[in-house]
Amino acid sequence: MTDHAASATTDRTTVEPFAFDPENDVHARALSRLASERIAWLGTTSRSGYPHAVPVWFLWHDGAVVILSEPSAVKVRNATRDGRVLVHLESGHDEEQLTVLQGTAEVLGEAATSWLPAIGEAYLAKYEHDLPPLKLTLESMAAKYSTIIRVTPEKLIAW
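Numbered per our numbering, the sequence shown spans residues 650 to 808.
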């Protein structure tokens, strides 16, 4: 097991983003999975302190996990109140891989439409087969799931 953490102090405002090393096999595999996996689990903490985990569509973009969400979703409320989150990928095709990112979520309300020029093409390529059965276009999805949750990784737990 590899547990890689960026340098951090107890002051949450000084935590540095995790720096992936593409030459490291574990990091390279994690980056590949972040680019290709379709479903991740987002873990947040409820007001009462209980964990809340939900499956999400996501995009790995500019060193962060980008998630589109309905503004009223529990995950949005939780991440707004406490930005400490986990992003957990499934165990991998051979069930021998684990990829978990610990990081800080930034909640950007009504931001999905403004993000379309930056992420739209990649998002559509990743989910092009999933949108039509749901009767969603990229634009209608950005309108309905208008809040962006942007997770900056601070720690990678992977093997």
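Note that beta-carbon positions come from the ideal geometry of N, C-alpha and C, so glycine has one too.
- Counting along the chain, HIS701 sits inside the beta strand (DSSP E) bounded by residues 700-706.
- Take the alpha-carbon of ALA761 and the one of TYR776: they are about 16 Å apart.
- Assigned with DSSP and collapsed to three states, ALA791 falls in helix.
- In this structure the stretch 712-721 touches the stretch 783-798; the number of beta carbon pairs closer than 8 Å is three or more.
- Cβ contact annotation for LEU738 (same chain, cutoff 6 Å, sequence separation greater than five): ARG682, GLU686, ALA689, THR748, in chain order.
- When the beta-carbon positions are compared, PRO671 and LEU680 come within less than 8 Å of each other.
- Residue environment: THR693 is assigned as buried (16 or more neighbouring CB atoms within 10 Å of its CB, all protein chains considered).
- If only uninterrupted beta strand (DSSP E) runs of at least 3 residues are considered, those enclosed by the stretch 666-726 are 688-694, 700-706, 708-710, 713-718.
- Per DSSP, THR786 is not a residue of any alpha helix (DSSP H), being assigned neither H nor E.
- Counting other Cβ atoms within 10 Å of its Cβ, GLY752 reaches 16 or more and is therefore classed as buried.
- DSSP lists no bridge partner for PRO766.
- Burial state of LYS784 is exposed, judged by a 10 Å Cβ sphere holding fewer than 16 other Cβ atoms.
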